Structure formats: structure tokens, C-alpha cells
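Everything below concerns the one structure shown next.
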Amino acid sequence: MEDSRSSVGKRAGMVGIFTNLLLVVIKLIAGILSASVSITADALNNLTDATSSIVTLVGFKLSELPPDHEHPYGHARFEYVSGLVVAMLIFVIGFEMMMGSVKKIINPVDTKITPLILGILCISVGIKAGLYLYYKKKGEEISSSVLLASSVDSKNDAITTFVVLISMMAERYFQMRIDGFMGVAVAVFILYSGIILAKETVSPLLGEGVNEELKNVLEQYILSREKVAGCHDLMVHDYGPGKRFASIHIEMDKEEDPIVCHEILDKIERECLKKYGVNLVVHYDPIVTDDPELERLHEIVLSLLKMRDERLTIHDFRMTIGKENVNLLFDIVLPQELLGQEKEIQTSLEKALNSIEDKTYFTIITFDIGFNS
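Under my numbering, the first residue of the sequence shown carries the number 2, and numbering increases by one thereafter.
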């Protein structure tokens, strides 16, 4: 799978290099012949795209490097690094385009527009639209954030070139000098694309939270397995495409044979790697399932919390009974929006619980942060 994925990415990079260099040549010729800053700016944009394709190609090649002593989880994050380099290149070219376009607004120069130049721009729009569809198909095929970003960039380029084409036609047929302004518009569009791309590549490098779709798929699969009573505290670490490591707590009845439970959990770990490409480590949580009083209190506490916020959930619910009071020990998964309200939640819960029960209850709560709540 990794060899196939890498070969698809490298092939897409080669296609991008050849196509964008071809566009650079024909647009530079058109820009020089017409003295159009917006066409020249668009050519420089394609030069950036060619450089981006080279970076993408190198990124896929470096991501193939095997794990070593310094990088025991492999080098797959090179794909994200290559995306960040592409974003920086886009910023540099966008700034240069902006400066050149502003100069032409201040000191306008007549552009020479011919049917040949207009035809070149029409062909460029078609080529970029085709490259967008190609990158999008291959990016979805191998789940590559870099190729999907390149597809968006190609779509933006097609729109940008179309805008330049409109400005050329406006100047040719309506004598409207808008070439410099269109160059500014192109530069702004490219800078915006750079910001979006930088955000998308920096985020996984910093360590994103677990993808909600993957979280649901993993939890549904685990909960469907034999003897599994519940699961919580799923944490996923992304070391690059195809290099995900995760941990989770899985609850099972304490009366079950530990050896049987261990075999089930081992199978879950193997199946998660095989089906979802996730290296899963399971923490076994034996729980009490045959205590009616514990179950009753669990339901009461959960319902009281749900009255405050539907997103609140609990796990690892336990009970110790003293001479004068009962201690309830459990974890609450707290949505980010409720951070800072832990003491208030605990106090109001104890007050509500003691108002409806004859005994005195104290709660010992561990708050887990639910980043995907």
C-alpha cells in the first residue's frame, strides 16, 4: 500500500512539473509580447506551481525513508513539511506579484493584445482545469493532503487565468486599463491560497486532535466486539499519512476470564491496524456490571449531568461506602467550552444528588478534556 501510494504521489508530482513548466513558457511569451503584468504574474504563479510539484515529489520520496533511531515512527510527516514549503513559496511569489502590479497601476503601460494571446490564455484555463481534476482524483485515491491542496491551487489558477483573460478582453474591446488592478487581484488570491495551505499543513505538524469520522468508526467497531461493555479516552497521534498511533480504554466485565479478554483485545488491535491503518494500544478496564445500586447511581449522576449539558459523559464509575457517607469516583469528559467550570459542575452535582437521596454523597471526579465534543 505504501509503495503504491508513494508511486502515485511521485507520478502526480512529475505531471505537475511538466504541465506547469509548459504553462510558464507559453505565458511568459504571451506576457512579453503583450507587455501585460497580469499575464506575467500568472506565469510566475505557474513557476511557483512547478516548484511546488518538485517539493511534492521530494516530499513523497523522503516520506518513504524507513524508521531510524532518531525517528522511530518513520518520516511520513515529510509530506506535511513539503506542503509548508509550498505555502512559503506561494507567499513569496504573491508578494512579488503584488509589488509589480502596484507599479503598473502607478505607471500604466499599454498592453498589446492579439487573438493569439487570448487563445493562449484560453488553453491555459483548460490545462489548469484538467490538472485540478487530476490532482483531486489522485489526492482522494491515496488520501494525500498535499495533492488535494495542489488540486485546490490548480482550480484557483484556472480561475485566476480566466480573470486575466477577462481583463485582456476588456482592454482590447472596451479600452479599459485594468491590467494592473487585475494583477493585484491575482496576487491577493494567491496570498489567500498560501494562508489556507499553510494552515492545513501546520495543523497536523503541531498535532491535530483525532478526526471525528475516524473516532466514530473506531469506537463503533470496538463497541461491536464480543464482551466489550464500553470504551473511552481515545487518543490518536498522526505521524504522517498511513502512520497513525492510538490508545484507548476498553471496559469489560470484571468477572470475565482475563485470558479471554486479553485475546479479544489483541484481536481488536490487529484488526484496527488491518482495517483502518491505526496502530492501536488498548488499556483494559475491568468494571462492575452486576451491582444494581452502582448502576442506579450511575444513571442518576449521568441524567443530572445531561440536564446541564447534553455533551457531558462519564466513565470509570465506582463507589466506596463509609459509615456516614458514600464516595462516588468517576471521570467526566468535559467539552472545551466548559473548561474552567469544573468546580461549579462538581458542586452543583453533589447538591442535586444529595437533594434527592437519603444518604450523603461526595464525588471524586477526574475531568478529561473532550477535544472532539
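C-beta atoms are modelled at their ideal positions from N, C-alpha and C, and glycine is treated no differently.
Keep in mind that this is a model prediction, so the values were computed, not measured.
Thinking just about the alpha-carbon of each residue, which of the options is nearest to the one in residue i?
| i | options | result |
| --- | --- | --- |
| lysine 28 | Ala130, Ala44 and Gly14 | Ala44 |
| serine 54 | Leu117, Leu22 and Gly17 | Gly17 |
| serine 409 | Ala36, Val59 and Ile40 | Summary: the structure shown does not reach residue 409, with the chain confined to residues 2 through 374, and so no result is reported for it. |
| threonine 202 | Tyr136, Gly32 and Ala88 | Ala88 |
| valine 25 | Val9, Lys129, Pro116 and Ala13 | Lys129 |
| aspartate 239 | Lys62, Gly140 and Val279 | Val279 |
| aspartate 267 | Glu338, Pro68, Ser145 and Glu227 | Glu227 |
| threonine 115 | Val237, Thr348, Phe368 and Ile33 | Ile33 |
| leucine 329 | Glu345, Arg297, Leu335 and Arg309 | Arg297 |
| asparagine 108 | Ala36, Val237, Glu300 and Val334 | Ala36 |
| methionine 98 | Glu270, Glu214, Phe182 and Arg173 | Phe182 |
| leucine 295 | Tyr362, Ala186 and Gln176 | Tyr362 |
Just how far apart, CA to CA, sit residue i and residue j?
| i | j | result |
| --- | --- | --- |
| serine 204 | arginine 78 | 12 Å |
| tyrosine 222 | asparagine 212 | 15 Å |
| leucine 63 | serine 304 | 52 Å |
| threonine 314 | valine 283 | 20 Å |
| asparagine 217 | cysteine 123 | 45 Å |
| isoleucine 40 | lysine 244 | 42 Å |
| valine 189 | threonine 162 | 14 Å |
| methionine 170 | asparagine 21 | 24 Å |
| serine 248 | histidine 263 | 15 Å |
| tyrosine 196 | phenylalanine 318 | The sequence as given places isoleucine at residue 196; tyrosine does not occur at that position. Roughly 45 Å separates the two Cα atoms. |
| asparagine 47 | glutamate 311 | 50 Å |
| asparagine 355 | aspartate 292 | 21 Å |
| lysine 137 | lysine 200 | 19 Å |
| lysine 324 | aspartate 332 | 24 Å |
Under 8 Å by Cβ, that's how I've got residue i and residue j pegged, so tell me the actual separation to the nearest angstrom.
| i | j | result |
| --- | --- | --- |
| threonine 49 | leucine 85 | Going by Cβ atoms, the distance from threonine 49 to leucine 85 rounds to 14 Å, so no, they are not a contact pair. |
| leucine 224 | leucine 235 | Not really, about 12 Å apart at Cβ, beyond 8 Å. |
| leucine 119 | leucine 166 | 7 Å |
| glycine 95 | isoleucine 160 | The pair is not a contact, with the Cβ atoms about 15 Å apart (cut-off 8 Å). |
| glutamine 337 | isoleucine 370 | 7 Å |
| serine 194 | aspartate 154 | 6 Å |
| alanine 31 | isoleucine 179 | Not quite, the Cβ-Cβ distance comes to about 17 Å (not below 8 Å), so this is no contact. |
| glutamine 342 | threonine 364 | Incorrect: roughly 15 Å between the Cβ atoms, too far for contact. |
| valine 302 | leucine 350 | 7 Å |
| leucine 215 | valine 237 | 7 Å |
What I want to know is whether the C-beta of residue i ends up closer than 7 Å to one or more non-hydrogen atoms of the ligand FMN.
| i | result |
| --- | --- |
| isoleucine 18 | Absence of the ligand FMN from the depicted structure is noted, as is the absence of any ligand whatsoever, leaving it without description. |
Given residue i, which residues of its chain have a CB within under 7 Å of its CB, disregarding the five upstream and five downstream residues?
| i | result |
| --- | --- |
| lysine 255 | Pro287, Ile288 and Val289 |
| phenylalanine 61 | Ser7, Gly10, Lys11, Gly14 and Glu80 |
| alanine 353 | Leu305 |
| lysine 139 | Val9, Ala13 and Leu148 |
| asparagine 157 | Phe190 and Ser194 |
| histidine 299 | Phe318 |
So, is residue i buried or exposed, given that buried needs 16 or more other C-beta atoms within 10 angstroms?
| i | result |
| --- | --- |
| asparagine 326 | exposed |
| valine 261 | exposed |
| isoleucine 265 | buried |
| threonine 321 | exposed |
| threonine 52 | buried |
| glycine 127 | exposed |
| glycine 184 | buried |
| tyrosine 174 | exposed |
| lysine 344 | exposed |
| lysine 276 | exposed |
| aspartate 4 | Model confidence at aspartate 4 stands at a pLDDT of 47, short of 50, so the residue's coordinates are unreliable; what they give is reported in the following sentence. Looking at its Cβ environment, which holds fewer than 16 other Cβ atoms inside 10 Å, aspartate 4 is exposed. |
| leucine 117 | exposed |
| isoleucine 357 | exposed |
| tyrosine 285 | exposed |
Spatial neighbours of residue i within its chain, please: C-beta separation below 6 Å, excluding the five flanking residues on both sides.
| i | result |
| --- | --- |
| histidine 233 | His250 and His316 |
| glycine 231 | Glu252 |
| phenylalanine 246 | His238 and Asn280 |
| proline 67 | none |
| isoleucine 106 | Gly181 |
Enumerate in chain order the residues of its own chain whose CB-to-CB distance from residue i is below 8 Å, with the five nearest sequence positions on each side excluded.
| i | result |
| --- | --- |
| glutamate 141 | Leu149 |
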